[in-house]
Amino acid sequence: MMIEKWTIEMLKNRCEITDDHWLFIGYRENNRYCRVSIEGEMILVHRLSMFLATGKWAKENVNHICEHKNCCNPEHLYEGNQSDNMFDTEYGKGRGGGAKLTEDQVREIKASDKRSADLAREYKVAPGQIYNIRSGLCWAHI
Ligand SMILES: [Zn+2]
């Protein structure tokens, strides 16, 4: 299928929606990332999702802020280099994370309706940390 024919809704329709994750159902490489064939090319579905959400292809890697490698909710994706993939690190999982933020900032993050990736940039923390705050994995007492 031509890339022009794809919409974010079509992508979502191919996913199992659990909570706010969009888990792609389809070919999964080594049980990690999913790809779809577009014009003969195997495209990573999370890159496709980012493209459909923003209208441009990510120049760098597209990383997840959640733990699901096949999740293609654009809210759970951000562009960055490999080392930014903070959810895979101890820090991103919230162990020792949160040290950089004050309680007031955590309250602001919880009240905000901005995208996690934007908040991460704003507060200069890992996107995984924003995700952890929003999902109650850390700072749950606030
Ligand atoms: Zn997700």
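Basically our numbering = 1-based index in the sequence shown + 297. Ideal Cβ placement from N, Cα and C applies to all residues, glycine included. This structure is a prediction, so every number in the text was calculated from the model and none was measured.
- Of all C-beta pairs linking the segment 306 to 319 to the segment 360 to 370, three or more are shorter than 8 Å, placing the two stretches in contact.
- Between Y428 and R418, the alpha-carbon positions lie close to 13 Å from each other.
- The shortest C-alpha to C-alpha distance from Y330 to any of S432, S413, E364 is the one to E364.
- Put simply, the segment 345 to 364 does not touch the segment 396 to 412. Fewer than three CB pairs are less than 8 Å apart.
- With a cutoff of 8 Å on beta-carbon distance, N360 and L374 are scored as near each other.
- Within the same chain, and ignoring the five residues on either side of H343 in sequence, the residues whose Cβ sits closer than 6 Å to its Cβ are V359, C369, L374.
- Distances taken from the Cβ of H365 to the heavy atoms of ligand 1 include one shorter than 7 Å.
- When secondary structure is reduced to three states using DSSP, T399 falls in the coil class, being assigned neither helix nor strand.
- In the DSSP assignment, R332 falls within the beta strand (DSSP E) that extends over 330 to 335.
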